[in-house]
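With this note's numbering, you'll find the sequence shown wraps up at 1432, consecutive numbering, no jumps.
Glycine residues also receive a C-beta, built at the ideal position from the N, C-alpha and C atoms.
None of the values given here were measured: they were computed from a predicted structure.
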Amino acid sequence: MINDAATLVIGSGNYFTAPTGTEFPADLLAPAAPWGTVGHTSLEDIFGITSEGGEPTTLGTLQNKTLRTKYSARTETMTWTLQQFDVDGLRLFYGANAPLLPNGLVGVPAEPQPTVCAFLVIFVDGDNHFGFYAPKAEIYRADDLSASDTESLAGLPLGVKPMILGSNAWTYAVTPLGGTPAADAEEEGSVSS
1240 MINDAATLVI GSGNYFTAPT GTEFPADLLA PAAPWGTVGH TSLEDIFGIT SEGGEPTTLG
1300 TLQNKTLRTK YSARTETMTW TLQQFDVDGL RLFYGANAPL LPNGLVGVPA EPQPTVCAFL
1360 VIFVDGDNHF GFYAPKAEIY RADDLSASDT ESLAGLPLGV KPMILGSNAW TYAVTPLGGT
1420 PAADAEEEGS VSS
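See the structure below:
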């Protein structure tokens, strides 16, 4: 069925992190602590999802050459560009273990570790609010850093890999548009730690 209220044109948005396992916030426009915004993000490289795996393998028998299809595991990465080069932003890019040196510089670790946390992105389209929520995710650089000109803001390309938390059978959740009431949600959608 056609549902005009289920379309999305991104007017604004925000990206948030919180400790692993933090629940999805009740107020999407102003998530309460411990959710904290990551800062300025790109107007042009707003958000993307790439995936690896998920290749099909057709299984058959002598009687039925295409009896079943089996799919390999799939991992997904949410990509976006952070344009805030403060200590927190640099650690998202260079690694959670990037040390703050005595002279105020951020050291680039030889063996970087991703930031492990809960992740939330909210896009606003008028009265519609659309979001992606991962109760556990790894955040780390998604591409090389490059500054191509003197007229654009430089950015830190980041990737978020949603991970399974506890006994959850899902890695991340998406808010549907078009008036789907939260009361209809099944209990299996709750966060497990």
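Cβ separation of residue i and residue j, assumed to be a contact under 8 Å, to the nearest whole Å
i	j	result
Ala1393	Ala1386	4 Å
Pro1348	Tyr1379	That belief does not hold up - the Cβ atoms of Pro1348 and Tyr1379 are roughly 11 Å apart, past 8 Å.
Val1245	Leu1416	The question names Val, but residue 1245 in the sequence shown is Ala. Confirmed, about 4 Å.
Thr1259	Leu1397	Not really, about 17 Å apart at Cβ, beyond 8 Å.
Cβ pair residue i, residue j closer than 8 Å
i	j	result
Thr1289	Thr1320	no
Thr1261	Ala1357	yes
Thr1314	Pro1295	no
Leu1247	Gly1370	no
Ala1381	Tyr1411	no
Thr1318	His1368	no
Val1345	Leu1359	no
Backbone CA spacing between residue i and residue j [nearest angstrom]
i	j	result
Lys1304	Thr1256	48 Å
Leu1331	Gly1275	14 Å
Leu1228	Tyr1310	Outside the displayed span of the chain (1240 to 1432) sits residue 1228, for which this structure offers no information.
Ala1265	Leu1306	45 Å
Thr1465	Ala1312	No answer is possible for residue 1465: the residues shown for the chain start at 1240 and end at 1432.
Glu1427	Asn1407	Only weak support exists for where Glu1427 lies, its pLDDT of 47 falling under 50; the value from the coordinates is given anyway. Going from the Cα of Glu1427 to the Cα of Asn1407 covers about 8 Å.
Glu1466	Glu1390	Residue 1466 falls outside the range modelled here, since the chain spans only 1240 to 1432, and no answer is possible.
Val1355	Asn1242	37 Å
Phe1263	Ala1337	28 Å
Leu1339	Met1240	54 Å
Phe1324	Trp1409	32 Å
Asp1327	Val1277	8 Å
Val1399	Asp1388	26 Å
His1279	Gly1293	33 Å
Phe1286	Ala1269	20 Å
Pro1341	Pro1401	34 Å
Glu1350	Gln1322	24 Å
Asp1383	Pro1273	30 Å
Gly1343	Glu1291	38 Å
Per DSSP, cross-strand counterpart(s) of residue i
i	result
His1207	Past the boundaries of the shown model lies residue 1207; the chain is included only from 1240 to 1432, so the question cannot be answered.
Lys1400	Glu1377
Ser1449	The requested residue 1449 is not part of the displayed model; the chain covers only 1240 to 1432.
Gly1370	Ile1361
Ala1412	Tyr1372
Ala1393	In the DSSP output, where bridge partners are listed per residue, Ala1393 has none listed.
Lys1304	Per DSSP, none; premise fails for Lys1304.
Interface flag, residue i vs chain B, CB-CB below 8 Å
i	result
Trp1319	As a matter of chain content, chain B is missing from the structure shown, which is built from one protein chain.
Distance cut-off 7 Å: residue i Cβ against heavy atoms of the ligand GTP
i	result
Ala1349	Looking at this structure, you won't find the ligand GTP or any other ligand, since it has none at all.
Report yes or no: do three or more beta-carbon pairs, one from the stretch 1362–1377 and one from the stretch 1240–1258, lie closer than 8 Å? Under the 8 Å Cβ criterion, the stretch 1362–1377 counts as touching the stretch 1240–1258, having at least three qualifying pairs.
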